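Visitor:
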Amino acid sequence: MMKHILDRPIWSALETAHADLAEGSEKARRYPPSIVPFAASADDAPESLDALEELPAPEGSMILVEAGPIAIPPGLAVVTEASVVQMVAERPHERISDPRIEPLTETDAADMLALATLTKPGPFTLRAQSLGSFWGIRSEGRLVAMAGQRMRQTGFAELSGLCTHPDFQGRGLGTLLFRFVAGEIASTGDTAYLHAYAANTSAISLYETQGFALRSEMNMRVVKRRS
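Once you know that position 2 of the sequence shown is 9 in this note's numbering, the rest is easy, because the numbers rise by one and skip nothing.
The structure is reproduced here in structure tokens:
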């Protein structure tokens, strides 16, 4: 049973703030694959897992993230899995401004995807902005750093997509954008949270210095239909 709304973050997002994006039923839902390949069942009941089994496209895969063990229906196979940590802001961050930071729009989608493809901050598509607002920093017209919001639940918003071009790392751009997005989330009254691979200790340490603390260890599985 889900004890906290963030224990099953994908399901709770698709049930609340992102319900308008949800595909599926009351037993299992997913985001449109063209936006992000996230999916979840309502619980581990057999009928919910049966519904989850029907969600992936024949050649597609889905990402599942939960606080507890992730149950998989027999018709799905695990492609890969990993341990993840979920961190939550311990305090509201102040809203900040910086002339270098600009909002990113649909016209920036190709540049955003190119930067995400290079730096691999996590699943990213041309339609990522359907999930929430993104901001970036450009240098001589080139997008060199960005961050934004991904999943949203009642009272919470996920800080995601944080990445900096390798040629511009070490200049504090990532930290600046991190603080900016955390402040934007706090300004709406929501609490910021994020996910990171448990093995990425350097990133976790950085997030701790920015006022985030571990809320829960999480599991992630990428699944597809059995052939």
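Idealized CB from N, CA, C, for every residue including glycine. The structure displayed is predicted, hence computed values, not measured ones.
In the structure shown, what three-state DSSP assignment does residue 186 receive?
Guide: If DSSP states are grouped into helix, strand and coil, residue 186 belongs with the helices.
Visitor: If you draw a straight line from the alpha carbon of residue 221 to that of residue 97, how long is it in whole angstroms?
Guide: Taking the straight line from one Cα to the other gives about 9 angstroms.
Visitor: Measuring alpha carbon to alpha carbon, tell me which residue in 52, 113, 231, 151 is nearest residue 178.
Guide: The residue with the shortest Cα to Cα distance from residue 178 is 151.
Visitor: What did DSSP end up calling residue 136 once you bin it into helix, strand or coil?
Guide: The answer is helix: DSSP assigns residue 136 an H, G or I state.
Visitor: Measuring CB to CB, does residue 154 end up less than 9 angstroms from residue 184?
Guide: Their beta carbons are under 9 angstroms apart, which means residue 154 touches residue 184 by this criterion.
Visitor: Let me know the alpha helix (DSSP H) ranges lying completely inside the stretch 96–140, each 4 residues or longer, listed in chain order.
Guide: Qualifying alpha helix (DSSP H) stretches, in chain order: 116–126.
Visitor: Classify residue 132 as buried or exposed, calling it buried when 16 or more other Cβ atoms lie within 10 Å of its own Cβ.
Guide: With 16 or more other Cβ atoms within 10 Å, it is buried.
Visitor: Could you tell me the boundaries of the beta strand (DSSP E) in which residue 210 lies?
Guide: From DSSP, residue 210 is part of no beta strand (DSSP E) but of the alpha helix (DSSP H) over 208–216.
Visitor: Rounded to whole angstroms, what is the Cα-Cα separation between residue 175 and residue 34?
Guide: Roughly 45 angstroms between the two C-alpha positions.
Visitor: Would you please state the rounded distance, in angstroms, between the beta carbons of residue 198 and residue 72? I believe it to be under 8 angstroms.
Guide: Not a contact, Cβ separation roughly 18 angstroms.
Visitor: I'd like to know whether the C-beta atoms of residue 120 and residue 74 end up nearer to each other than 9 angstroms.
Guide: Cβ atoms of residue 120 and residue 74: not closer than 9 angstroms.
Visitor: List the DSSP bridge partners of residue 231.
Guide: In DSSP, residue 231 forms a bridge with 68, 84.
Visitor: If you measure from the CB of residue 170, is any heavy atom of the ligand GDP nearer than 8 angstroms?
Guide: This structure lacks the ligand GDP, and indeed carries no ligand of any kind.
Visitor: Would you say residue 43 and residue 228 are within 9 angstroms of each other, going by their C-beta atoms?
Guide: No, the pair does not count as a contact, with Cβ atoms beyond the cut-off.
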